[in-house]
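Respectively, the protein sequence lines represent chains A and B.
Residue numbering for the first sequence is 27 to 139, as defined by our numbering.
Residue numbering for the second sequence is 0 to 105, as defined by our numbering.
Glycine is no exception: its CB is placed at the ideal position from the N, C-alpha and C atoms.
Okay, structure first, notes after.
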Amino acid sequence: DAGITQSPRHKVTETGTPVTLRCHQTENHRYMYWYRQDPGHGLRLIHYSYGVKDTDKGEVSDGYSVSRSKTEDFLLTLESATSSQTSVYFCAIGPTGGIGELFFGSGTQLSVL
Amino acid sequence: EDKVVQSPLSLVVHEGDTVTLNCSYEVTNFRSLLWYKQEKKAPTFLFMLTSSGIEKKSGRLSSILDKKELFSILNITATQTGDSAIYLCAVFRLTFGEGTQLTVNP
């Protein structure tokens with residue numbers, strides 16, 4: 027793997043509870059991304075970051091927030107989880123802004139009951 | 000809004016067959032098109048195609064980009080069971096298609 031770790035790997039939570047997923051990289055890449063993957067939709071971009079404290083929304087950002095206080099960490103927060111947010115979440119990193127190769131983490135399986 | 004459509008969504012072949020996976024796209028500012036392979040978990044990078052590099056080859060895999068007709072194909076020759084995976088296509092800014100689930104039977 028390209029020095030990218032996601033935690034937790036699996037999480038089960040209840041509707042209405044807050045959830046935070048963590049992505050940690052050791053590659054010092056500028057760009058970090060959060061995607062969700064669902065059957066019939068492929069990978070969809072939630073939020074991305076282009077530097078410390080610099081973030082922007084993706085295609086499906088409603089209900090999610092992110093923070094990046096250090097180059098190596100990118101956090102995804104579900105403020106009040108809903109069943110529609112049950113998904114597999116992938117973090118990705120890359121040296122360039124969407125032009126070149128992305129390196130993906132192993133994913134977090136999140137179930138909201 | 001950028002859009003990527005892959006076809007077929009699912010494909011089952013026998014070992015040794017040749018397969019062609021399709022990716023059509025609509026993007027307001029084309030910079031690159033990328034192919035990924037996803038087995039059990041994280042997608043892994045295969046190829047990147049740009050205006051200056053419209054054909055790539057690696058072993059039994061090859062890909063071409065047609066910027067005029069706005070599509071790309073991924074060819075896999077002499078398929079093996081290890082080629083079984085989801086193949087994803089993405090365009091700048093990393094809008095992904097739904098993917099093609101390829102199953103290679105012995």
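Item, Value
"Which bits of chain B does His67/A rub up against, with CB to CB less than 8 Å?", "Glu97"
"What are the residues that DSSP puts in a beta bridge with Pro142/A?", "Residue 142/A is absent from the model: chain A starts at 27 and stops at 139."
"Taking the alpha-carbon positions, what's the Tyr115/A to Asn74/B distance?", "29 Å"
"Roughly how many angstroms separate the alpha carbons of Leu104/A and Lys96/A, rounded to a whole number?", "20 Å"
"If you draw a straight line from the alpha carbon of Phe91/B to that of Asp82/B, how long is it in whole angstroms?", "26 Å"
"When the Cα of Pro105/B is compared with those of Ser50/B, Gly15/B and Gly98/B, which residue comes out closest?", "Gly15/B"
"Can you pull the chain A residues whose beta carbon is under 7 Å from the beta carbon of Leu87/B, in chain order?", "Gly68 and Leu69"
"Which residue or residues does DSSP assign as beta-bridge partners of Gly77/A?", "Asp80/A"
"Please confirm whether His73/A and Tyr90/A have their CB atoms less than 8 Å apart.", "yes"
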